[in-house]
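The block underneath contains the structure these notes are about, expressed in structure tokens.
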Ligand code: SLL
């Protein structure tokens, strides 16, 4: 087949998000069922539309149509759902359902045939219940001597609805086929905004209690910062342990020398009986 030749030395990545958003059912909607939540699980482009979609289940990601690269997505739901293996063959690649409990959803992404790419599988834990509020984000500085003690931090109540749980991923196509490479070049992803354009009702968007937000360059930078801080801590710990090791080795050498000296003096002047 023409166009399936792979382009050497080239790789192209595409940012996506997968996950779910959940809202509480209203009292009327709950009548006669044991279901409590409505959720949407999906695979979307990472950038969100510039306006906040009024429905919370549609707010995160999804600015771009991904059908130039994705042929279909299957979502394997909990076995009690009708037709639990949902196959979505056109965008938006998502499933909306109601339910009462959280469970793991296997998401399988199939690429367009001309890409000759193997499907990718993600596991997503369907999230219905609120994120705990992260106390680190409300940390108050410890008062220095003489200062008034800080007021105890005021934690906001966790947000029950909407609840978002989305994972950012970059799919890397290594040496794409000629045909697919053309499609990739014709469909550049919308860039992430520099920061969250939607109201930050709580803490950090999308995690740690945030309830409205979007993936942004600021978030990426914060994650990078967290990673480099973690890396530095590991390096500091390695250095600290190396110093301890050197000190222990010096102590050991000293002790060995002492033992030798004692043994030598012992053999030179045998102890009196
Ligand atoms: C739990 N292990 O106990 C999990 C299972 C299943 C959730 C959660 C309704 C399904 C239906 C539903 O939400 N199931 O109506 O078919 O928490």
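Residue numbers (the working numbering): 73 to 345. Backbone N, C-alpha and C fix where the C-beta goes; we use that ideal spot for every residue, glycine too.
Judging by CA-CA distance, which residue of the options is the nearest neighbour of residue i?
i: residue 85; options: 256, 331, 227, 97; result: 256
i: residue 100; options: 94, 93, 108; result: 108
i: residue 350; options: 240, 202, 187; result: In this structure the chain extends from 73 to 345, so residue 350 is not present and cannot be described.
i: residue 155; options: 162, 163, 169, 165; result: 169
i: residue 172; options: 184, 158, 201, 157; result: 201
i: residue 286; options: 138, 123, 230, 261; result: 123
i: residue 83; options: 328, 243, 299, 298; result: 243
What is the rounded straight-line gap between the Cα of residue i and the Cα of residue j?
i: residue 87; j: residue 120; result: 12 Å
i: residue 198; j: residue 112; result: 9 Å
i: residue 92; j: residue 179; result: 11 Å
i: residue 321; j: residue 331; result: 15 Å
i: residue 76; j: residue 317; result: 57 Å
i: residue 136; j: residue 313; result: 49 Å
i: residue 131; j: residue 160; result: 20 Å
i: residue 165; j: residue 303; result: 36 Å
i: residue 247; j: residue 163; result: 26 Å
For the putative contact between residue i and residue j, defined by C-beta atoms under 8 Å, what is the C-beta separation to the nearest angstrom?
i: residue 182; j: residue 143; result: 5 Å
i: residue 234; j: residue 98; result: No, residue 234 and residue 98 are not in contact; Cβ-Cβ is about 14 Å, not under 8 Å.
i: residue 89; j: residue 116; result: 5 Å
i: residue 266; j: residue 289; result: 5 Å
Indicate the three-state DSSP secondary structure (helix, strand or coil) for residue i in the structure shown.
i: residue 117; result: strand
i: residue 253; result: helix
i: residue 195; result: strand
i: residue 139; result: coil
i: residue 100; result: helix
i: residue 171; result: strand
i: residue 322; result: helix
Indicate, with yes or no, if the ligand SLL has a heavy atom lying under 7 Å from the CB of residue i.
i: residue 140; result: no
i: residue 101; result: no
i: residue 153; result: yes
i: residue 134; result: no
i: residue 173; result: yes
i: residue 240; result: no
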